[in-house]
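Residue numbers (my numbering), protein chains in the order written: chain G, 1 to 473; chain Y, 474 to 946.
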């Protein structure tokens, strides 16, 4: 009766990881490819994951003092060219609007690939004196970067993200704020909500954001041992302030350039979630993120339907995020497989036999397995079950990274480890920018630099700095 | 000391309503014009209004059973042309991307002006049988319609909105759902949260959405007596289903076209809010909408600062949305004027004298006026004050509409009433499509058709149908 034992619905991870990923996205109805190359349609269940990410992130962003705003999608092409490195970095990826309202435009406009330029145009108007600083702005928006090798959620021509933009009176204040976002917003969310044991580090000069003086990154290890850049927080120095003349009157009555940061995470995190926690049966959604933490399923029969509705209400009243599945006209096995695919942490299954016994079957997606429980005890039992499963996902993520990371001392060993599907730690003094360039020819990159004690180094050449080297998405 | 009696900060409404609107948007820091013609930058306080609108709407949309999703910004130009009326309506307003990733595109893509076409492309894949219906989808997104005569929030080349798209098995089910959104989502939100006494009606054939068989609308009367279309809900019939071949297998085993609806409200509502409730001192935000319902202001002195922080915490704990203004270095008068401009419903002002007496000054933005109150009683007093003010805004909106609407029987009288800054009600049988065309030459339009009893008529030619005629934004 249970369909679990049948032929796998997904290509097994071990057989073909990229195909497993694509299968999962299709079968769990997370997203479809859009009609224009590289775009995607995010289906309700996939969008629900992003919506919950937004909610959790938005609270943390506001706690860090930033306010939401909205800047236009269209940026005059001339803005992009004002910061030399910035335009060099983004020019190859731009989508350009040449016609509007039936006419050719006098100046073509680009669809924002990121908003530093247009934001600075306005910051330069809004910032007058030191009293206006720090200015802390965030926006939730879509951006477009033309993609040659698109992959749903991971690299798409259009994606959804938040981008923070701030201006500060001093270098130190900007540096501290970029670090605060990196740690208190991004790392806190990724570790404690997504359950992904990200590494916090610093990008090398080669991997830095176009226009930044420093880029902080969070790197996650995926199920196949590759790395995914999950988010970045940049110190922009005064580069954009110079290009847009963003100055303030200091306490001493002098005109000074502002120091800036920008930072973003995107729908790419949905891809990271899938590749971190997914298994051959589908997705596994961390309970703290899940929009549906518990599905209460009627196996068959009117009495079971009545019971699951009643139980659903009771569990909702206890503060749990619950969906009732009373579609008894659809075979139970098919529905169970679907909830497994979608990765809902807990299923409560109730059939005619359970009704007599006052029990239900508790199926746990994250550790796997099922056991009968007393229906009466569920409301009390479930919060602990969910927290246990949340912790398990993080532990598994940590154990994977520990077991698949090796300390090496030579470039050859680093490349070998990366190509075998793992991460290598190598002293940055051994590798350096030349070694980095050599690794790049084998599609291996320095994901980030970390200090010996695991903290984020203050500069690229701090003694004892270690490079983390891997293949990446 | 109080700046209220000084020269007005805004152009008075009676002097020049459009200039008052623009002054308010600038001085209350709601938005700026964007660099590309017709675009806008929504500043944090303005975005906060939209964010609260989103929250309130999103709950109602989900209660109506729709799920959020996301469709791509870019639509192949060929999609638009599949529904003849639709392309005719939107072609003049399109922004077209011709280059991407440094190359000219094989097929130009348009930036979505609305998403019926791309949504139907996917609905036709997702809908197989009657079991998949109704399919109820909503998205929060930006859209672009090139504007020749832009005005911030009201008519912008890019705006933010939600657009709902649904597919149903029968005409009746689609019709009922469009009406449900119109009534339970839009009207409920606009009347009970925005405090705007909108009229619910039906658009004439001339004013219908391009591709719809029926458009339901909500029309609000602004402070100058003009009308603003605040939102619309469309019955699309099978027009898009035919164009995209969106069919389902019925219970009888036949392939049938789906019946569809689409519905949207946008950042235009922010403009409607301003023009409905604003006065010569600035905005007045309805308490149920306000992100900041109460500002607790220290007039001067360290003791007052301590007191307002403490009081702010106490009021927040009582479930009120509170901001503390302890910027005693900035003149009190300037801050008070600013909060008036921003329309925060209630100010609690505390100075040295109040501390001794255990009192505070309670200033109410909506009815105007201030009076001393006991600090101890505030937490108990304020919820009732806020609800009273919420009700007052709706009453004022209702009274304005009643006093500035006249029943007329001839086209000449209707035009005269509209041009004098009011609405006219005229039997549709008197006016008809020819009269409507004649009025259009004087920039007067039929805002909607209503039944004699105020309900929404089932067709254009139901006996007793009344046309509401006005100038509009």
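All C-beta atoms, glycine included, are put in the ideal place defined by N, C-alpha and C.
- Message: Here's the rule I'm using: 16 or more other beta-carbon atoms within 10 Å means buried, otherwise exposed. How should residue 245 of chain G be labelled?
- Response: exposed
- Task: Using a threshold of 8 Å, state whether the C-beta atoms of residue 567 of chain Y and residue 619 of chain Y are closer than that.
- Result: yes
- Task: Rank G/209, G/149, G/194 by C-alpha distance to the C-alpha of residue 287 of chain G and give the top, closest one.
- Result: G/194
- Task: Please determine, among Y/748, Y/679, Y/745, Y/816, the residue with the shortest C-alpha to C-alpha distance to residue 768 of chain Y.
- Result: Answer by Cα proximity: Y/816.
- Query: For residue 631 of chain Y, which beta-bridge partners are listed by DSSP?
  - Reply: Y/617
- Proximity winner among Y/670, Y/765, Y/674, Y/827, relative to residue 748 of chain Y (alpha-carbon distances): Y/670
- Which residue from G/191, G/393, G/102, G/301 puts its Cα closest to that of residue 53 of chain G? G/191
- Can you name the residues of chain Y whose CB is closer than 7 Å to the CB of residue 102 of chain G? Within chain Y, the residues 565 have their CB atoms less than 7 Å from the CB of residue 102 of chain G, given in chain order.
- chain G contact residues for residue 591 of chain Y, given Cβ-Cβ distances below 9 Å: 34, 35, 41
- Boundaries of the beta strand (DSSP E) in which residue 125 of chain G is found, first to last residue: Residue range 116-126 is occupied by the alpha helix (DSSP H) that includes residue 125 of chain G, with no beta strand (DSSP E) assigned at that position.
- Can you give, in chain order, each stretch of the beta strand (DSSP E) that sits fully within the region 395-461 of chain G and has at least 3 residues? 405-407, 423-427, 445-450
- Partners in chain Y for residue 122 of chain G, counting only beta-carbon separations shorter than 8 Å: 505, 514
- If we ignore side chains and look at the alpha-carbon of each, how far apart do residue 479 of chain G and residue 267 of chain G end up? Here chain G comprises residues numbered 1 to 473, so residue 479 of chain G is not present and cannot be evaluated.
- Tell me, which residues are paired with residue 76 of chain G by DSSP? G/109
- Query: Which of the three DSSP states, helix, strand or coil, is assigned to residue 93 of chain G?
  - Reply: helix
- Query: Where residue 875 of chain Y and residue 897 of chain Y are concerned, what is the direct C-alpha to C-alpha distance, given to the nearest angstrom?
  - Reply: 11 Å
- Which chain Y residues sit within Cβ distance under 8 Å of residue 163 of chain G? Result: empty, since nearest Cβ-Cβ is about 14 Å, beyond 8 Å.
- Query: When the Cα atoms are used, what is the spatial distance from residue 26 of chain G to residue 32 of chain G?
  - Reply: 7 Å
- Using a Cβ-Cβ cut-off of less than 8 Å, give me the residues of the region 543-557 of chain Y that come near chain G, in sequence order. 543, 544, 545, 546, 547, 548, 549, 552
- Task: Starting from the Cα of residue 37 of chain G, find the closest Cα among G/151, G/111, G/77 and give me that residue.
- Result: Answer by Cα proximity: G/151.
- Just tell me which of Y/928, Y/902, Y/844 has its CA closest to the CA of residue 660 of chain Y. That would be Y/928, whose Cα lies nearest to the Cα of residue 660 of chain Y.
- Please confirm if the region 465-472 of chain G is in contact with the region 211-231 of chain G, defined as three or more CB-CB distances below 8 Å between the two stretches. yes
- Hey, quick one: how far does the alpha helix (DSSP H) through residue 527 of chain Y stretch, first residue to last? Residues 517-536.
- Task: Find the residues of chain Y that neighbour residue 146 of chain G, judging by a C-beta separation of less than 7 Å, and give them in chain order.
- Result: 573, 574
- Between the region 547-563 of chain Y and the region 676-689 of chain Y, do three or more beta carbon pairs fall short of 8 Å? yes
- Under the rule that 16 or more other beta-carbon atoms within 10 Å means buried, what is residue 721 of chain Y, buried or exposed? buried
- Query: Do residue 364 of chain G and the ligand ZN come close, with the Cβ less than 7 Å from some heavy atom?
  - Reply: With respect to the ligand ZN, the structure shown offers nothing to examine, as it has no ligands at all.
- Return no unless some Cβ of chain Y is closer than 8 Å to the Cβ of residue 181 of chain G. no
- Message: Tell me whether the region 136-143 of chain G and the region 59-68 of chain G touch, counting them as touching only if at least three CB pairs, one residue from each stretch, are closer than 8 Å.
- Response: yes
- Proximity below 8 Å, CB of residue 571 of chain Y to CB of residue 98 of chain G: yes
- Item | Local conformation of residue 276 of chain G per DSSP, three classes | Helix at residue 276 of chain G.
- Message: Just to confirm the assignment: which complete beta strand (DSSP E) runs, minimum length 3, are found wholly within the region 741-802 of chain Y?
- Response: The qualifying runs are 767-771, 795-798.
- Item | Where residue 541 of chain Y falls: helix, strand or coil (DSSP) | strand
- Message: Could you tell me the alpha carbon to alpha carbon distance between residue 1 of chain G and residue 333 of chain G, rounded to whole angstroms?
- Response: Confidence is the limiting factor: at residue 1 of chain G the pLDDT is only 42, short of 50, which leaves the residue's position unreliable and the question unanswerable from this model.
- CA-CA distance, residue 331 of chain G and residue 602 of chain Y? Computed Cα separation, rounded: 16 Å.
- Within the region 209-278 of chain G, ranges of the beta strand (DSSP E) (whole runs, at least 3 residues): 214-221, 227-237, 247-249, 255-257, 259-266
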